[in-house]
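For reference, the structure is listed below as structure tokens.
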Amino acid sequence: MSDLMPFDQAKELLKPRAETYRGVTAVPIDRIVGSEGRYRDFNRFFFPKKEHLKARWTTIDELQYKDVSLPPVVLYEMGGVFFVRDGNHRVSVARAKKQEFIDAEVISLHSEIQLDPEMTIEDIKKAVIEYEKKQFYRETNYPNIVGADDLNFSEPGRFDSIKEHVLVHKYFLNQHLPEEIPFHIALYSWHDNVYQPISQSIEAENILSLFPGRTVSDLYLFLVAHWDELKRKSGGYVAIDEAAESFKNEIKRNRNSSFEHACRIFGSISKKVENFIAKL
Numbered sequence: 009m010s011d012l013m014p015f016d017q018a019k020e021l022l023k024p025r026a027e028t029y030r031g032v033t034a035v036p037i038d039r040i041v042g043s044e045g046r047y048r049d050f051n052r053f054f055f056p057k058k059e060h061l062k063a064r065w066t067t068i069d070e071l072q073y074k075d076v077s078l079p080p081v082v083l084y085e086m087g088g089v090f091f092v093r094d095g096n097h098r099v100s101v102a103r104a105k106k107q108e109f110i111d112a113e114v115i116s117l118h119s120e121i122q123l124d125p126e127m128t129i130e131d132i133k134k135a136v137i138e139y140e141k142k143q144f145y146r147e148t149n150y151p152n153i154v155g156a157d158d159l160n161f162s163e164p165g166r167f168d169s170i171k172e173h174v175l176v177h178k179y180f181l182n183q184h185l186p187e188e189i190p191f192h193i194a195l196y197s198w199h200d201n202v203y204q205p206i207s208q209s210i211e212a213e214n215i216l217s218l219f220p221g222r223t224v225s226d227l228y229l230f231l232v233a234h235w236d237e238l239k240r241k242s243g244g245y246v247a248i249d250e251a252a253e254s255f256k257n258e259i260k261r262n263r264n265s266s267f268e269h270a271c272r273i274f275g276s277i278s279k280k281v282e283n284f285i286a287k288l
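The numbering used here numbers the first residue of the sequence shown as 9 and each following residue consecutively.
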């Protein structure tokens with residue numbers, strides 16, 4: 009919590025859908041949490057971090073002391089908190105003087121997720137994942153269809169991948185049926201014939217122990233990609249427990265006592281996730 013929140017990182021996570029110009033309004037200073045381009049220059053309380061910035065800070069302070077009118081700062085609003093587009097030093101001086109509000113030209117970016125001023129980027133990531141999970145469960149009726157609440161991810165965007173997996177599985181099932189099956193039937197079949205066996209293999213091989221902070225669902229996505237690669241190379245059937253054992257051994261071989269190196273392997277494997285064969 010010592011640094012300002014980078015606007016671009018927060019925007020990438022929240023993915024706002026619309027932008028609205030709100031004009032000039034008084035904004036609570038304690039809800040200004042980040043900056044578009046100067047987040048490295050100030051701490052979370054908008055005090056300058058670098059010596060050369062203090063001269064500019066002093067100049068603005070003197071102008072305010074002389075009652076010189078300064079233009080409004082320019083802020084982005086997203087999820088109920090604000091990020092400075094222009095006027096970081098003016099916000100800094102106002103905060104140091106314990107002002108409660110500052111005049112600001114505000115551009116609102118619509119976000120479905122509301123933010124708290126105390127939140128960090130990691131907190132936002134968790135909020136996005138939770139929002140995506142609720143959306144996926146609501147759209148698919150997942151817990152009622154499969155009888156479990158067993159999808160948990162450490163990164164955003166994974167529920168879209170799961171939906172694509174189910175749709176691919178549905179496509180394969182439909183190849184052998186006279187009529188197209190509904191999504192909920194494909195979802196149940198995917199969970200019963202694909203996700204659950206792979207999850208059980210992950211747990212049986214104790215792969216999760218190699219990756220603190222990851223989840224079984226994370227590893228499902230990565231392992232399925234590895235499984236698909238094994239099948240492509242072999243040109244035939246590969247049992248999922250063989251893929252799990254192979255995956256664990258590959259990670260261990262390349263680990264070199266370095267968890268970071270293992271994570272890089274995980275990252276490269278995850279790029280292939282869309283190419284798996286859906287049905288056992």
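Yeah, the Cβ is synthetic: ideal placement off N, Cα and C, and Gly gets one too. Please read all numbers here as calculations on a predicted model, not as lab measurements.
Would you identify the three-state DSSP class for residue i, choosing helix, strand or coil?
i, result
"R272", "Residue confidence for R272 is low, a pLDDT of 45 falling below 50, so the modelled location carries little weight and cannot support an answer."
"N96", "helix"
"I189", "coil"
"F91", "strand"
"P36", "strand"
"F167", "helix"
"P220", "coil"
"F161", "coil"
"H184", "coil"
"D131", "helix"
"D200", "helix"
For residue i, count neighbouring Cβ atoms within 10 angstroms of its own Cβ and tell me buried if that reaches 16, exposed if not.
i, result
"H199", "buried"
"I189", "exposed"
"A18", "buried"
"K178", "buried"
"L185", "exposed"
"P56", "buried"
"N182", "exposed"
"P36", "exposed"
"S225", "buried"
"Y203", "buried"
"V92", "buried"
"A26", "exposed"
"E85", "buried"
"G221", "exposed"
"S217", "exposed"
"A112", "buried"
Can you check DSSP and say which residues form a bridge with residue i?
i, result
"L117", "E27, M86"
"M13", "G42"
"D111", "A34"
"F50", "P56"
"V81", "A112"
Determine, using beta-carbon pairs with one atom in the segment 153–161 and one in the segment 48–55, whether at least three such pairs fall under 8 Å.
-> no
Within the chosen definition, does the segment 162–181 reach the segment 113–127 through at least 3 CB pairs nearer than 8 Å?
-> no
Does the segment 132–143 come close enough to the segment 94–108 that 3 or more CB-CB pairs lie under 8 Å?
-> The segment 94–108, when compared against the segment 132–143, does not touch it at the 8 Å Cβ threshold.
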